[in-house]
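Engineer: Per the UniProt record's numbering, the very first residue in the sequence shown carries number 1; after that it's consecutive. Shown below is the structure under consideration.
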Amino acid sequence: RYLHHTEEFLKENPNMCGYNTPSLNTRQDLLFNEIPNLGKEAATKAIKQWGFETSKITHLIFCTTSNLHVPGPDYHLTNLLGLSPSINRLMMYQQGCSGGGTALRLAKDVAENNKDSRVLVVCCEMTSSLFRGPHEGHVGS
């Protein structure tokens, strides 16, 4: 867990600091780049704990509500981790709060029904869409 919005980032992107300033493109650009990077951080830790080579991974399930691009973060994560381009990938978008559980359920099904499969599940969220500057009329925001 970390906050990507450093002072430097906010100075470079002042539209992120306003209460209702147009910033959709800035937010989408951030998510496009950072969701796969954040997923790589988590996946690298999990793979290290697992103790095997990434070449043993047969399936990748990636879940996010934060990003909607094609090719998706699953494709970019495959490249970032050096996974085989022929790995079986499943990209899940817009699953909301139940996405992680759904991804694990799918991984269980894949593992049980595909002999010798090794499934990597990555669920990654960034709430940059909720980040905004203060407003005198909405003190609680």
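From the three backbone atoms N, C-alpha and C, an ideal C-beta is built for every residue, glycine too.
#1: By a C-beta neighbour count over all protein chains shown, 10 Å radius and 16 as the cutoff for buried, is residue 78 buried or exposed?
#2: Near residue 119, which residues of its chain fall below 6 Å by C-beta distance, leaving aside the five closest residues on each side in sequence?
#3: Report the option in 12, 17, 10 and 8 whose CA atom is closest to the CA atom of residue 132.
#4: Under 8 Å between the Cβ atoms of residue 39 and residue 122?
#5: Does DSSP classify residue 68 as helix, strand or coil?
#6: For the alpha helix (DSSP H) containing residue 145, name the first residue and the last one.
#7: To the nearest angstrom, report how far apart residue 103 and residue 5 are at their CA atoms.
#8: Between the segment 27 to 34 and the segment 81 to 92, do at least 3 Cβ pairs fall closer than 8 Å?
#9: Going along the chain, which residues of its own chain have a beta-carbon closer than 7 Å to the beta-carbon of residue 166, five neighbours each way excluded?
#10: Please work out which residues of its chain come closer than 7 Å, Cβ to Cβ, to residue 105, disregarding the five sequence neighbours upstream and downstream, and give them in chain order.
#11: Express the C-alpha separation of residue 35 and residue 80 in angstroms, rounding to a whole number.
#12: Sorted by chain position, which residues of the same chain lie with C-beta nearer than 8 Å to residue 15's C-beta, five sequence neighbours on each side aside?
Structural biologist: On the basis of the coordinates in this document:
#1: The residue labelled residue 78 in the question sits at position 78 within the sequence shown. Counting of Cβ neighbours within 10 angstroms places residue 78 among the buried residues, the total reaching 16 or more.
#2: For the purposes of this step, residue 119 is identified with residue 119 of the sequence shown, where counting begins at 1. Taken in chain order, the residues that qualify are 59, 107, 110 and 111.
#3: As a position in the sequence shown, residue 132 is number 132, starting the count at 1. Among 12, 17, 10 and 8, the Cα nearest to that of residue 132 belongs to 17.
#4: Walking along the sequence shown from the start, residue 39 turns up at place 39. Walking along the sequence shown from the start, residue 122 turns up at place 122. Yes, they are a contact pair.
#5: Here residue 68 refers to the residue found at position 68 of the sequence shown. Of the three classes helix, strand and coil, the one that applies to residue 68 here is coil, per DSSP.
#6: Here the chain covers residues 1 to 141 and nothing more, so residue 145 does not appear.
#7: The sequence position of residue 103 within the sequence shown is 103, counting from 1. The sequence position of residue 5 within the sequence shown is 5, counting from 1. Residue 103 and residue 5: Cα-Cα distance of roughly 28 Å.
#8: With fewer than three CB-CB distances shorter than 8 Å, the segment 27 to 34 does not count as touching the segment 81 to 92.
#9: No answer is possible for residue 166: it lies beyond the span of the chain, which begins at 1 and ends at 141.
#10: Here residue 105 refers to the residue found at position 105 when the sequence shown is read from its first residue. Within the same chain, residue 105 has no close Cβ partners at all.
#11: Translated into positions along the sequence shown, residue 80 becomes position 80. Translated into positions along the sequence shown, residue 35 becomes position 35. Going from the Cα of residue 80 to the Cα of residue 35 covers about 12 Å.
#12: As a working mapping, residue 15 is identified with position 15 in the sequence shown. The answer, listed in chain order, is 21, 22, 23 and 26.
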